[in-house]
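Report on the structure given below.
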Amino acid sequence: MQNFDELKNMWQQAGSGNELPDAAAVLAKVEAVRKKMIRKNILLVIMLAFTFAFITWIGFHYDFELQSTRIGIVITLVAIVTGMLFSTKLARLLLKQNDPTLSNSEYLQQMIAFRNSLRLIQTKGITFYFILLTTGLILYMYEFASRNLTFGISVYSITLGWIAFNWFYLRKRAALKQEKEISAQIAALEGLNNNLKKD
Amino acid sequence: MEFEEIYNTYSPKVFRLCLGYVNDRDWAKDLTQETFIQVWQHLAKFRNESSVGTWIFRIASNICLRQIDRSSRMPKAEVPFQVEDKNDDTKNEQVELLYKCIGMLEETDRLIISLVLEDLPQKEIAGITGISEGNLRVKIHRIKQTLTQKFNEHAKL
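Those protein sequence lines, which keep their order, are chains A and B. Reading the first sequence from the start, the letters are residues 4 to 202 in the numbering used here. Reading the second sequence from the start, the letters are residues 16 to 172 in the numbering used here.
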């Protein structure tokens, strides 16, 4: 029969064996993480710079008859870039990062708030992306479609059909999956928080 | 205090806390390393408001709680083996049993009891967890009883 103080002794005497790396190895890891972050940021900046250069080039290089074509190109590219950025987890970077030096209770609240914002970005963000992309494409194609009615109607129906398929089928499926994941995480975090608070 | 000194003093303690929480040695090792990466990154923010130990435990326990991303809930440990009380060689097995019994508690209770086992004053544990001292006192009393009871039940088997 053991009492709690004996358990405490047992706990404090239990070493970590030789399992833990030494301080130098941890510092090397810190450095590796830092370098990786810098590389990622540089890549992102280069990618954005190229996209903007491309948009500007298209806008000035070709001589379109209608302004709508030019505006369409810009809107479509903006939609693609925002879509790309959000899917590369930029959303996570934009939102306030969790601060691990807070107390457990504050930290859990922050993680819940973070997931709620993420949920909002995922639902509203994707709607915004589709609206932008559709508007951009409609404007862009107008100049060419207006030259020939049959060509115009067929190109518009194919494009809008494809967008509708994405919106009603693919988006719904992805949104359901993400929603399920985030809801489960929020529920689990709230469970932890409730356990922490109860007597 | 130099990072190396902090690391050498606190890494075994952090490892025990993480092991109590996840009940998996490799995973606990990763969490310990993650904790000290965060310690290094936030060291400039540390303003001696609490002891460095309390501050590190706060980071470590938050890193543990964050594991919700990896699996929706930490599985509660099972106790598949029996422990003989008499034999000297059973010391390690007894420690293993202690970890397993901690693993049977609720996640947040695992963190609280690990901090109690590290002999941290209740005031500091309240600061780490963010719950009132009154509430904490009741909780600690209950968890201590549950843990001792579980340990003795399984050790007797």
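Each residue gets a CB set at the ideal place from its N, CA and C atoms; glycine is no exception.
Which residues, in chain order, does the region 76 to 91 of chain A contribute to contact with chain B at a C-beta distance below 8 Å? From the region 76 to 91 of chain A, no residue has a Cβ closer than 8 Å to chain B.
Going by alpha carbons, who is nearest to K44/B out of I74/A, A28/A, E34/A? Residue mapping note: residue 44/B aligns to position 29 of the second sequence, counting from 1. Per the Cα distances, A28/A.
Are the CB atoms of V29/B and T50/B nearer to each other than 7 Å? Locating residue 29/B in the second sequence gives position 14, counting from the first residue. Locating residue 50/B in the second sequence gives position 35, counting from the first residue. Closer than 7 Å, so yes.
Taking only three categories from DSSP, how would you classify L105/A? Position 102 of the first sequence, counted from the first residue, corresponds to residue 105/A. In this structure, L105/A counts as coil in the three-state DSSP scheme.
Within 10 angstroms of the Cβ of W70/B, are there 16 or more other Cβ atoms? Answer buried if so, exposed if not. On the second sequence, position 55 is the one that residue 70/B refers to. Buried.
Contacts around L140/A, its chain only, beta-carbon distance under 8 Å, and the 5 residues preceding and following it disregarded: Taking the first residue of the first sequence as 1, we reach residue 140/A at position 137. Answer for L140/A: G75, T79, T162, I166, listed in chain order.
For Y25/B, which residues of its own chain have a beta-carbon under 7 Å away from its beta-carbon, when the five flanking residues on both sides are left out? The residue you call residue 25/B lines up with position 10 of the second sequence. Excluding sequence neighbours, Y25/B sits near G68, I71.
Using the beta-carbon count (16 or more within 10 Å), is E122/B buried or exposed? In the second sequence, counting from the first residue as 1, residue 122/B sits at position 107. Flag for E122/B reads buried.
Between which residues of its own chain and T138/A is the CB-CB distance below 7 Å, once the five residues before and five after are set aside? Within the first sequence, residue 138/A is the residue found at index 135, counting from 1. So the list reads I78, once near-sequence residues are dropped.
How about Y22/B: is its C-beta nearer than 7 Å to some C-beta of chain A? Stepping through the second sequence from its first residue, residue 22/B is reached at position 7. With 7 Å as the cut-off, Y22/B counts as an interface residue toward chain A.
7 Å is my cut-off, CB to CB: does D202/A come that close to chain B? Numbered from 1 along the first sequence, position 199 holds the residue referred to as residue 202/A. Taking Cβ atoms only, chain B reaches closer than 7 Å to D202/A, which makes this a yes.
Contact check, T85/A vs Y132/A under 8 Å by CB: the rounded distance? Reading the first sequence from its first residue, position 82 is the one you call residue 85/A. Reading the first sequence from its first residue, position 129 is the one you call residue 132/A. Sure, about 6 Å apart at Cβ, within 8 Å.
Any idea if A17/A is buried or exposed, counting beta-carbon neighbours within 10 angstroms, 16 or more meaning buried? Taking the first residue of the first sequence as position 1, residue 17/A is located at position 14. Buried.
Inter-residue Cα distance where the pair is F57/A and R122/A: Residue 57/A sits at position 54 when you count from the first residue of the first sequence. Residue 122/A sits at position 119 when you count from the first residue of the first sequence. Each residue's alpha carbon lies about 32 Å from the other.
Ends of the alpha helix (DSSP H) at Q137/B? If you number the second sequence from 1, residue 137/B lands on position 122. Per DSSP, Q137/B belongs to the alpha helix (DSSP H) from 137 to 144.
Can you tell me the Cβ-Cβ gap for P24/A and Q48/B, rounded? I've got them flagged as a contact below 8 Å. Numbered from its first residue, the first sequence carries residue 24/A at position 21. Numbered from its first residue, the second sequence carries residue 48/B at position 33. A Cβ-Cβ distance of about 7 Å is found for the pair P24/A and Q48/B, placing them in contact under the 8 Å criterion.
Does the beta carbon of I158/B sit closer than 7 Å to a beta carbon anywhere in chain A? As a position in the second sequence, residue 158/B is number 143, starting the count at 1. Residue-level contact by beta carbon fails for I158/B and chain A, as no gap is shorter than 7 Å.
Alpha carbon of T72/A to alpha carbon of E146/A, nearest angstrom: Translated into the one-based positions of the first sequence, residue 72/A becomes position 69. Translated into the one-based positions of the first sequence, residue 146/A becomes position 143. If you take the alpha carbons of T72/A and E146/A, they lie about 6 Å apart.
Ends of the alpha helix (DSSP H) at Y36/B? Working through the second sequence from its first residue, we reach residue 36/B at position 21. First-last of the alpha helix (DSSP H) with Y36/B: 18 to 37.
In the structure shown, what three-state DSSP assignment does K154/B receive? The residue you call residue 154/B lines up with position 139 of the second sequence. In the structure shown, K154/B sits in a helix (DSSP, three-state: H, G or I).
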